[in-house]
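For our numbering, add 265 to where a residue sits in the sequence shown, where the first one is 1.
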Amino acid sequence: MNKIRHFIVPLWVISLVIGWSCANKHTPGMTTGQDSIYHVARIQDMTITRPHEVLALLDTAEQKSLMTPFDINRLRCLAYHNGLSNYKRALRYALEAYKLPSAREDTEVLLSLVELIADEYYMEGDYANSVRYCGEGIKLAQETGNRMSEANFHVTLGQNLLQMRQEEEAFRHFSFATNVTEEKARKSSSWVEWDNYLYALGMQISSFSENKRYEEAIAMWPVFEKAMENLSKCDDTPEGLVDMRIASGYAAYAYIYRQKGDTIKADKLYDLSASTRYASTPDGEGIRIPYLIASRRYREALHYITREKQYKQAHSDTVNYEYIEWHLKYELQAYEGMEDFRAANHVQNNIIALMDTLQEKSRQEDALELAEMYKSNEQARQIERQTASIRLRNVIIISAIVFLLAAIAFSVRMLYYNRIIRNKNNVMIHTIDELMTYKDELFVQQEENTRLKATLQGPQEEQSQMPAKEDADSRLMPKLTDNDRTLYNRMIHEITNRRLYLDTSLTKQDLLKEFHIPTNKFSILFKEFAGCSFTQYIQQCRLDHATRLMRKHPQWSLEAIAKESQMSNGAFYSQFQKKYGMKPSDYRNKELSKGWIDE
Numbered sequence: 266m267n268k269i270r271h272f273i274v275p276l277w278v279i280s281l282v283i284g285w286s287c288a289n290k291h292t293p294g295m296t297t298g299q300d301s302i303y304h305v306a307r308i309q310d311m312t313i314t315r316p317h318e319v320l321a322l323l324d325t326a327e328q329k330s331l332m333t334p335f336d337i338n339r340l341r342c343l344a345y346h347n348g349l350s351n352y353k354r355a356l357r358y359a360l361e362a363y364k365l366p367s368a369r370e371d372t373e374v375l376l377s378l379v380e381l382i383a384d385e386y387y388m389e390g391d392y393a394n395s396v397r398y399c400g401e402g403i404k405l406a407q408e409t410g411n412r413m414s415e416a417n418f419h420v421t422l423g424q425n426l427l428q429m430r431q432e433e434e435a436f437r438h439f440s441f442a443t444n445v446t447e448e449k450a451r452k453s454s455s456w457v458e459w460d461n462y463l464y465a466l467g468m469q470i471s472s473f474s475e476n477k478r479y480e481e482a483i484a485m486w487p488v489f490e491k492a493m494e495n496l497s498k499c500d501d502t503p504e505g506l507v508d509m510r511i512a513s514g515y516a517a518y519a520y521i522y523r524q525k526g527d528t529i530k531a532d533k534l535y536d537l538s539a540s541t542r543y544a545s546t547p548d549g550e551g552i553r554i555p556y557l558i559a560s561r562r563y564r565e566a567l568h569y570i571t572r573e574k575q576y577k578q579a580h581s582d583t584v585n586y587e588y589i590e591w592h593l594k595y596e597l598q599a600y601e602g603m604e605d606f607r608a609a610n611h612v613q614n615n616i617i618a619l620m621d622t623l624q625e626k627s628r629q630e631d632a633l634e635l636a637e638m639y640k641s642n643e644q645a646r647q648i649e650r651q652t653a654s655i656r657l658r659n660v661i662i663i664s665a666i667v668f669l670l671a672a673i674a675f676s677v678r679m680l681y682y683n684r685i686i687r688n689k690n691n692v693m694i695h696t697i698d699e700l701m702t703y704k705d706e707l708f709v710q711q712e713e714n715t716r717l718k719a720t721l722q723g724p725q726e727e728q729s730q731m732p733a734k735e736d737a738d739s740r741l742m743p744k745l746t747d748n749d750r751t752l753y754n755r756m757i758h759e760i761t762n763r764r765l766y767l768d769t770s771l772t773k774q775d776l777l778k779e780f781h782i783p784t785n786k787f788s789i790l791f792k793e794f795a796g797c798s799f800t801q802y803i804q805q806c807r808l809d810h811a812t813r814l815m816r817k818h819p820q821w822s823l824e825a826i827a828k829e830s831q832m833s834n835g836a837f838y839s840q841f842q843k844k845y846g847m848k849p850s851d852y853r854n855k856e857l858s859k860g861w862i863d864e
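Have a look at this one:
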């Protein structure tokens with residue numbers, strides 16, 4: 266379920282209760298006294314906040330025949346749906362009520378029941394059956410002229426089509442539902458009609474967001490805002506309802522704008538939502554959480570998650586999938602976002618334990634259900650189908666848990682290796698900086714030595730140290746002397762001092778001519794004293810120059826540095842990584858961050 270449904274679901278629960286309340290006006294009960302604890306309307310109001318008490322009352326009513334089988338099954342369905350979020354059990358009792366002849370005594374009651382069955386099948390992921398009951402409900406609503414029920418069926422049908430990847434067809438049904446509910450609302454002064462319109466709009470907006478069609482969702486904001494304004498003008502609107510709708514609407518659109526990237530608008534809408542009375546109530550604080558998670562405000566999110574968990578634990582059953590989806594999973598995301606993996610692991614273990622409890626509970630309920638249904642061959646075949654479905658569901662759940670654990674292990678492993686690489690890069694950056702400093706100091710020392718030698722030696726002595734010009738055709742391997750070392754140092758000093766390595770026209774012949782080096786000694790000098798060829802030495806000088814540029818101008822782009830160093834982008838990247846074992850971009854970024862710290 267998409268996160269934005271967190272804001273929309275309360276609309277459905279209230280609409281459901283309202284629909285059944287209207288139906289109750291036409292449905293006679295076996296208990297005549299409205300003060301009785303077994304009065305249908307009174308028990309129905311308890312299904313949201315006191316579902317376990319409702320189930321106990323219904324068991325007693327069934328044993329003592331105080332209520333009709335239809336009302337008992339219908340109210341059990343509402344208790345499991347509204348209070349316990351156990352949609353499978355809710356579906357079972359909805360179908361039990363649907364099979365009874367008394368379900369067809371009142372069309373309004375039947376429409377509400379079919380609508381609930383279609384929604385239960387959708388929540389269980391059985392989209393084919395949900396679509397089938399939507400079709401039956403639409404036909405029945407058209408025959409009776411109940412446009413509002415028809416619109417609700419189109420909403421559920423649209424939700425099913427979205428899951429079946431038929432997006433455009435789904436949005437066509439959403440549009441139909443909003444048009445019908447808007448038409449009904451404009452002809453009525455009752456808050457119920459406007460609230461139904463808001464529900465249809467909310468589901469369409471939620472579906473747009475779910476499919477990342479944020480622009481279309483945002484385009485509906487003025488319509489949604491106008492509907493809330495009209496709801497506030499209704500004389501019979503329950504106290505606090507408008508404030509709740511405004512808070513939920515602002516929170517939903519704050520989340521949408523955050524996902525779209527418009528943080529300024531998102532923050533403004535969130536502040537408006539937070540300023541409402543409803544957003545500060547135990548029931549309303551939960552609407553803050555999706556936005557805070559999306560905004561990476563994890564500590565604030567954890568504050569409200571903790572408060573909401575405490576409230577739920579004190580006032581309702583927390584052993585259900587809804588508690589996992591809307592509380593524990595948000596808590597897990599918050600701790601992972603804070604990189605508090607110990608706390609995240611604790612929450613994950615709670616999720617797994619709760620899932621195991623639910624599975625065990627489901628197995629027990631399934632066993633009881635199968636035992637009750639084992640009465641005929643047709644029922645036996647149904648048992649076989651349900652057993653296979655349970656087995657498949659368990660396999661999917663186990664696979665999902667294994668995948669989740671593997672993903673967590675992989676994430677931890679990646680964090681570990683990233684930390685190693687980060688530390689290695691920091692050491693290498695320090696080494697490179699020391700190496701560059703050493704080379705600079707060495708150059709200064711060599712320059713001082715050359716100057717000192719030039720002072721101590723006379724011109725004639727210097728000339729005498731020049732090697733005699735050798736025969737170019739000589740094939741003998743010449744022996745290197747101290748004079749050759751001096752000559753090499755002088756040549757290297759000039760290459761470095763005058764930055765001849767940046768001269769793309771520089772050739773071996775230029776150096777031979779300028780420094781009077783015999784041809785057959787040139788390559789040997791570099792091989793002996795530099796440990797590489799002349800070309801490799803020039804490339805090394807250019808790489809050192811590029812490194813100095815990254816230290817001096819970390820704000821420069823790598824392309825500009827490579828160009829300034831007379832190197833191609835590919836050569837610069839590969840040679841730097843080969844020599845230092847890290848990317849030039851990592852080195853440059855580290856130097857840039859050092860510059861920020863210095864500033």
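Positions of the beta carbon are idealized from the N, C-alpha and C atoms, including for glycine.
No experiment lies behind these values; they were computed from the predicted model shown.
*From the DSSP output, in three-state form, read off Leu-349 for me.*
As a working note, residue 349 is residue 84 in the sequence shown. Leu-349 falls in the coil class under three-state DSSP.
_When Gly-390, Gly-402 and Gln-469 are compared against Ala-435, the one with the closest alpha-carbon_ = One-based indexing of the sequence shown puts residue 435 at position 170. Closest option to Ala-435, Cα to Cα, is Gln-469.
*Straight-line gap, Tyr-386 to His-419 (C-alpha atoms, nearest Å)*: Counted from its first residue, the sequence shown places residue 386 at position 121. Counted from its first residue, the sequence shown places residue 419 at position 154. Using only the alpha carbons, I get a separation of about 15 Å.
*At which residue ranges does the stretch 451-493 contain complete alpha helix (DSSP H) runs of 4 or more residues, listed in the order of the chain?*
456-475 and 479-484
*Are at least three pairs of beta-carbons, each pair with one atom in the stretch 806-826 and one in the stretch 773-792, less than 8 Å apart?*
no
*Once you ignore the five residues that flank Ile-757 on each side, which residues in its own chain have a CB closer than 7 Å to its CB?*
One-based indexing of the sequence shown puts residue 757 at position 492. Nothing listed; no residue qualifies.
*For Met-731, is the classification buried or exposed, using 16 other Cβ atoms within 10 angstroms of its Cβ as the cut-off for buried?*
Residue mapping note: residue 731 aligns to position 466 of the sequence shown, counting from 1. In this prediction, Met-731 scores a pLDDT of 46, lower than 50, which makes its location untrustworthy; the coordinate-derived value is nonetheless stated afterwards. Exposed, because fewer than 16 other Cβ atoms sit within 10 Å of the Cβ of Met-731.
*Look up Ala-933 in the DSSP assignment and say whether it is helix, strand or coil.*
Residue numbering for the chain in the displayed model covers 266 to 864; residue 933 lies beyond these limits and cannot be assessed.
_Span of the alpha helix (DSSP H) around Lys-329_ = Numbered from its first residue, the sequence shown carries residue 329 at position 64. Counting along the chain, Lys-329 falls outside any alpha helix (DSSP H), and DSSP gives it neither H nor E.
*Compute the Euclidean distance between the alpha carbons of Ala-519 and Trp-591, then round it to the nearest angstrom.*
Taking the sequence shown and counting its residues from 1, the one referred to as residue 519 is at position 254. Taking the sequence shown and counting its residues from 1, the one referred to as residue 591 is at position 326. Distance between the alpha carbons of Ala-519 and Trp-591 is about 18 Å.
*Would you identify the three-state DSSP class for Met-603, choosing helix, strand or coil?*
Mapped onto the sequence shown, residue 603 falls at position 338. It is coil, neither helix nor strand.
*Buried or exposed: which applies to Arg-656, given that a residue is buried once 16 or more other Cβ atoms fall within 10 Å of its Cβ?*
As a position in the sequence shown, residue 656 is number 391, starting the count at 1. With fewer than 16 Cβ atoms within 10 Å of its Cβ, Arg-656 is classed as exposed.
*Return the first residue and the last residue of the alpha helix (DSSP H) that Val-584 is part of.*
Walking along the sequence shown from the start, residue 584 turns up at place 319. Taken as a continuous stretch (DSSP letters only), Val-584 belongs to no alpha helix (DSSP H), as it is neither H nor E.
_Unbroken alpha helix (DSSP H) run spanning His-810, endpoints_ = By one-based count along the sequence shown, residue 810 stands at place 545. Its alpha helix (DSSP H) spans residues 799-817.
*Sequence-distant residues of the same chain with beta carbon closer than 8 Å to Ser-788, five excluded per side*: Counting from one through the sequence shown, the residue named residue 788 turns up at place 523. Ser-798 and Phe-799, listed in sequence order.
*Measuring CB to CB, does Thr-312 end up less than 7 Å from Leu-349?*
Walking along the sequence shown from the start, residue 312 turns up at place 47. Walking along the sequence shown from the start, residue 349 turns up at place 84. Cβ atoms of Thr-312 and Leu-349: not closer than 7 Å.
*asked:* Rounded to whole angstroms, what is the Cα-Cα separation between Glu-596 and Glu-447?
replied: Taking the sequence shown and counting its residues from 1, the one referred to as residue 596 is at position 331. Taking the sequence shown and counting its residues from 1, the one referred to as residue 447 is at position 182. Answer to the nearest angstrom: the Cα atoms are 38 Å apart.
*asked:* Using 8 Å for Cβ pairs, my map puts Val-379 next to Glu-401. What's the rounded Cβ distance?
replied: To locate residue 379, count along the sequence shown from 1; it is residue 114. To locate residue 401, count along the sequence shown from 1; it is residue 136. About 6 Å separates the two Cβ atoms, so the contact holds.
_With H, G and I counted as helix, E and B as strand and the rest as coil, what does DSSP make of Tyr-783?_
On the sequence shown, position 518 is the one that residue 783 refers to. Rather than Tyr, the amino acid found at residue 783 in this sequence is Pro. Pro-783: coil per DSSP, three-state reduction.
_Looking at the secondary structure, which residues open and close the alpha helix (DSSP H) in which Cys-499 lies?_
What you label residue 499 is simply residue 234 of the sequence shown in a count that begins at 1. No alpha helix (DSSP H) holds Cys-499; DSSP gives it neither H nor E.
*Using a Cβ-Cβ cut-off of 8 Å (strictly less than) and excluding sequence neighbours within five positions of Leu-593, which residues of its own chain qualify?*
In the sequence shown, residue 593 corresponds to position 328, counting from 1. Closer than 8 Å at the Cβ level, and outside the excluded window around Leu-593, lie Val-612, Asn-615, Ile-616 and Leu-619.
*Taking Lys-792 as the reference, which of Leu-745, Glu-759 and Gln-774 has the closest Cα?*
Position 527 of the sequence shown holds residue 792. Among Leu-745, Glu-759 and Gln-774, the Cα nearest to that of Lys-792 belongs to Leu-745.
*Would you mind giving the Cβ-Cβ distance between Leu-463 and Met-493, rounded to the nearest angstrom? I have them listed as a contact below 8 Å.*
Residue 463 sits at position 198 when you count from the first residue of the sequence shown. Residue 493 sits at position 228 when you count from the first residue of the sequence shown. Right, the Cβ-Cβ distance comes to about 7 Å (below 8 Å), so this counts as a contact.
*Where the alpha helix (DSSP H) containing Ser-377 begins and where it ends*: Here residue 377 refers to the residue found at position 112 when the sequence shown is read from its first residue. From DSSP, the alpha helix (DSSP H) with Ser-377 extends over 372-388.
*What separation, rounded to the nearest whole angstrom, lies between the Cα atoms of Asp-775 and Leu-765?*
Your numbering for residue 775 matches position 510 in the sequence shown. Your numbering for residue 765 matches position 500 in the sequence shown. The straight-line gap from Cα to Cα measures roughly 11 Å.
*Pairwise C-alpha distance: Leu-790 and Ser-850*: The residue you call residue 850 lines up with position 585 of the sequence shown. The residue you call residue 790 lines up with position 525 of the sequence shown. Roughly 34 Å separates the two Cα atoms.
_Residue environment, Met-429, which counts as buried when at least 16 other CB atoms sit within 10 Å_ = Stepping through the sequence shown from its first residue, residue 429 is reached at position 164. With fewer than 16 Cβ atoms within 10 Å of its Cβ, Met-429 is classed as exposed.
_Which same chain residues end up closer than 8 Å to Leu-808 when comparing Cβ atoms and leaving out the 5 residues on each side of it in sequence?_
Along the sequence shown, one-based indexing puts residue 808 at 543. Around Leu-808: Ser-830, Met-832, Phe-837, Gln-840, Phe-841 and Lys-844.
*Comparing alpha-carbon positions, which option in Ala-665, Pro-487, Tyr-352 and Ser-560 lies nearest Glu-587?*
The count along the sequence shown starts at 1 and reaches residue 587 at position 322. Out of Ala-665, Pro-487, Tyr-352 and Ser-560, Tyr-352 has the C-alpha closest to the C-alpha of Glu-587.
*Could you tell me whether the stretch 499-514 touches the stretch 471-485, where touching means 3 or more Cβ pairs closer than 8 Å?*
no
_Let me check understanding here. Comparing Cα to Cα, which of Gly-551, Ile-589 and Ile-673 lies closest to Phe-606?_
Here residue 606 refers to the residue found at position 341 when the sequence shown is read from its first residue. Ranking the options by Cα distance to Phe-606, first place goes to Ile-673.
*In angstroms with no decimal places, state the Cα-to-Cα distance between Lys-848 and Lys-626.*
On the sequence shown, residue 848 is found 583 positions in, with the first residue counted as 1. On the sequence shown, residue 626 is found 361 positions in, with the first residue counted as 1. The alpha-carbon atoms of Lys-848 and Lys-626 are separated by roughly 55 Å.
*For Ile-662, which of Asp-621, Tyr-363, Ser-330 and Arg-553 has the nearest alpha-carbon?*
Locating residue 662 in the sequence shown gives position 397, counting from the first residue. Among Asp-621, Tyr-363, Ser-330 and Arg-553, the Cα nearest to that of Ile-662 belongs to Asp-621.
*Go ahead and pull the three-state DSSP assignment for Gln-840.*
Sequence index remark: in the sequence shown, residue 840 carries index 575 (1-based). In this structure, Gln-840 counts as helix in the three-state DSSP scheme.
*Where Ala-442 and Ala-416 are concerned, what is the direct C-alpha to C-alpha distance, given to the nearest angstrom?*
Here residue 442 refers to the residue found at position 177 when the sequence shown is read from its first residue. Here residue 416 refers to the residue found at position 151 when the sequence shown is read from its first residue. So the alpha carbons of these two residues sit roughly 4 Å apart.
*Identify which residue in Glu-604, Arg-341, Ala-517 and Leu-623 has its Cα closest to the Cα of Tyr-681.*
On the sequence shown, position 416 is the one that residue 681 refers to. That would be Glu-604, whose Cα lies nearest to the Cα of Tyr-681.
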